[in-house]
Amino acid sequence: MAEVKREVFGRMPPEEGGGEVEKFVLQSDSVRVEILSLGCIIAALETKGRDGRFADIVLGFDTLEGYTRKHPFFGAVVGRVANRIAKGRFTVEGKEYQLFLNNGPNSLHGGAKGFDKVLWSPQVVPNGVCFFRLSPDGEEGYPGELKVWVTYTLHGSELAINYRAQSSKTTPVNLTNHAYFNLAGQGSPDIYDHEISIAADSYLPVDDTKIPTGEVAAVQGTAFDLRQPVELGKHLRKFHLDGFDHNFCLPPGRARRLVARAHHPPTGRTVEVHSTQPGLQFYTGNNLDGSLKGKGATTYPKHSAFCLETQHWPDAVNQPHFPSTLLAPGEEYNHTTWFCFGTA
C-alpha cells in the first residue's frame, strides 16, 4: 500500500484566476512522488540507489512560482495533443481547424495554454490520486467538449499513470507526461553516463521543424538502433548527434509491454517503462541551456535530463498511415504507462 498525503502548495497568480494548487505525496518503501493539481505535474520523484539512499530524479522547481512562469513542460501532463501538429492545422469530418502556433510553424503540446498550465480537480483514490478536467469545445481550437481523467497510483516500486478521455465531437487526443529524468539525481550536470535501450525496430525521420516526413524508417544500422543498451555520451559522439528528439515506433497492440529502460551504473538506479501506447518520444534535453534555476537553485544545462514520453506518433492527425489519434463520441481513449524503479 502507498501512503497518500495532500497539502496546499500555493495559490495561482490573480491574473491566472487565483485558485489553490494542491500537492499530493504518494509514498511506498522504495519510491516517493509529489504531484501537483496544476498540470498534473510530477514535481519530485525520489528513488533509492544501490547504497539505499533516496535521490530526487526529476527536474523541476521548489516553488509554485517556477511552474507558473515559462518552462519546458517539467513533469507535466501535456495535451489535448502532445507533440507537434504541422502548421497547427488539421481536418476532421470535412472541417478544417487551426490551432495556435507555439513551436516555429507548428503547434506543440496543446498550444498556448495546454493541459500543463491549468488547474485540475483532484480526488484521492486507493494508493494514488485522480485528476479530472473538462476541456471546453473549441479550447485552443480543438473540436468537442473533452472530459479527461489522469490517475497516478503507486504500488511498491511501480508508478502507473492512466489517461482516460471522452469527447462530444470527433477530436484528436494524445496525452503523455513530460517528466525530465536524471537517475544520478536532479541537478547532476549531464546524462552521458546513462545506459538507454528502446524496444523499437523503427523510428520517424523528421524535417527541420521536427515534423515527421511520413517515412517509417528501420533503426537497423542507424544511430536510432537502441534495441541493445548504449552509453548515451559515447553513442552521441559516435554518431555526431546533437541529441535525440524523435518518435520510436513501438510494437503494435494494446497490451502492456516493456518499451524502454534506463540505467545509471554509478548509482545503480534503473527505470523500466511499460506502456499500451504506440510510440515513445525520446528527448535528451537538447533545448535546456542553463538559464532556468531549478530545485535547490541548481541550473539545468543541455543534456542534463532525458524524457521517455509514451504517446501516439507526432502529427498523426495529418498522416493517415500513422496510428489514429481521433476519438469519436461514444468511444473512450484509455492508455496506461508504468514506470518501474529499481537498482542493478
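FYI, the numbering for the sequence shown is 1 to 344, going by the numbering used here. Cβ atoms here follow ideal geometry from the backbone N, Cα and C, with glycine treated the same way.
State the Cα-Cα distance for the pair residue i and residue j, rounded to the nearest angstrom.
i, j, result
"Gln123", "Ser37", "10 Å"
"Cys340", "Val31", "10 Å"
"Thr216", "Val78", "According to the sequence as given, residue 216 is Val; it is not Thr. About 24 Å."
"Ala223", "Gly17", "46 Å"
"Phe244", "Val273", "17 Å"
"Gly128", "Ser167", "25 Å"
"Tyr203", "Thr284", "16 Å"
"Asn286", "Asp207", "16 Å"
"Pro320", "Asn174", "15 Å"
"Thr91", "Pro126", "41 Å"
"Thr267", "Lys48", "9 Å"
"Gln220", "Ala200", "10 Å"
"Arg256", "Pro14", "42 Å"
"Ser324", "Leu99", "19 Å"
"Glu231", "Asp193", "6 Å"
"Pro105", "Ala112", "13 Å"
"Lys87", "Leu101", "7 Å"
"Asp190", "Pro301", "8 Å"
"Asp56", "Ala179", "12 Å"
"Leu308", "Gly19", "31 Å"
Please name the residue in the options whose C-alpha comes closest to that of residue i.
i, options, result
"Tyr333", "Gln311, Leu258 and Phe322", "Gln311"
"Ser197", "His109, Ala255, Ala260 and Gly156", "Ala260"
"Leu288", "Arg269, Leu59, Ala43 and Gln27", "Leu59"
"Ala160", "Pro205, Thr343 and Trp338", "Trp338"
"Gly279", "Gly233, Ala305, Pro301 and His335", "His335"
"Gly10", "Ala2, Lys23, Met1 and Glu3", "Lys23"
"Pro172", "Ile211, Asn83 and Asn103", "Asn83"
"Gly342", "Ala43, Glu15 and Gly52", "Gly52"
"Ala43", "His71, Gly49 and Arg50", "His71"
"Gly138", "Asn162, Glu96 and Asp116", "Glu96"
"Val33", "Asn106, Ala2, Ala200 and Ala184", "Ala2"
"Val8", "Thr63, Glu46 and Ser28", "Thr63"
"Ser121", "Phe282, Gly110, Arg6 and Asp225", "Arg6"
"Gly214", "Pro314, Leu241 and Phe74", "Pro314"
"Thr170", "Phe131, Glu331 and Leu327", "Leu327"
"Phe306", "Val271, Gly88, Lys87 and Val21", "Val271"
"Pro143", "Gly110, Ser157, Leu154 and Phe322", "Gly110"
"Val150", "Phe115, Pro136 and Gly156", "Phe115"
"Phe73", "Glu93, Lys117 and Pro212", "Lys117"
"Val148", "Arg133, Phe282 and Pro212", "Arg133"
"Arg164", "Gly141, Ser135 and Met12", "Ser135"
List the residues that DSSP assigns as beta-bridge partners of residue i.
i, result
"Ser121", "Phe132"
"His263", "Glu195 and Thr270"
"His335", "Tyr163"
"His155", "Glu158"
"Glu15", "For Glu15, which the question treats as bridged, DSSP gives no partner whatsoever."
"Leu250", "Its beta-bridge partners do not exist; DSSP assigns none."
"Trp313", "Its beta-bridge partners do not exist; DSSP assigns none."
"Gly342", "Thr270"
"Thr276", "Beta-bridge pairing links Thr276 to no other residue."
"Glu7", "Lys23"
"Ser257", "Note on residue identity: the sequence assigns Arg, not Ser, to residue 257. Answer by DSSP bridge pairing, in chain order: Ser275."
Is residue i buried or exposed, if buried means 16 or more other CB atoms sit within 10 Å of its CB?
i, result
"Gln186", "buried"
"Phe54", "exposed"
"Ser304", "buried"
"Ser188", "buried"
"Lys238", "exposed"
"Gly253", "exposed"
"Gly39", "buried"
"Gln277", "buried"
"Val293", "The sequence given here places Lys at residue 293; Val does not occur at that position. Counting Cβ neighbours within 10 Å, Lys293 comes out exposed, since fewer than 16 surround it."
"Gln228", "exposed"
Should residue i be listed as close to the ligand ZN, given that the test is whether its C-beta is under 7 Å from any heavy atom?
i, result
"Ser291", "The model on display carries no ligand, and the ligand ZN is accordingly not part of it."
- Query: Enumerated in chain order, which unbroken segments of the alpha helix (DSSP H) with a length of 4 residues or greater are wholly contained in the region 160 to 245?
  - Reply: 232 to 238
- Would you list, in sequence order, the uninterrupted alpha helix (DSSP H) runs of no fewer than 4 residues that lie entirely inside the region 19 to 75? 64 to 68
- Message: My parser needs the beta strand (DSSP E) runs of 3 or more residues fully inside the region 83 to 108; what are they?
- Response: 89 to 92 and 95 to 98
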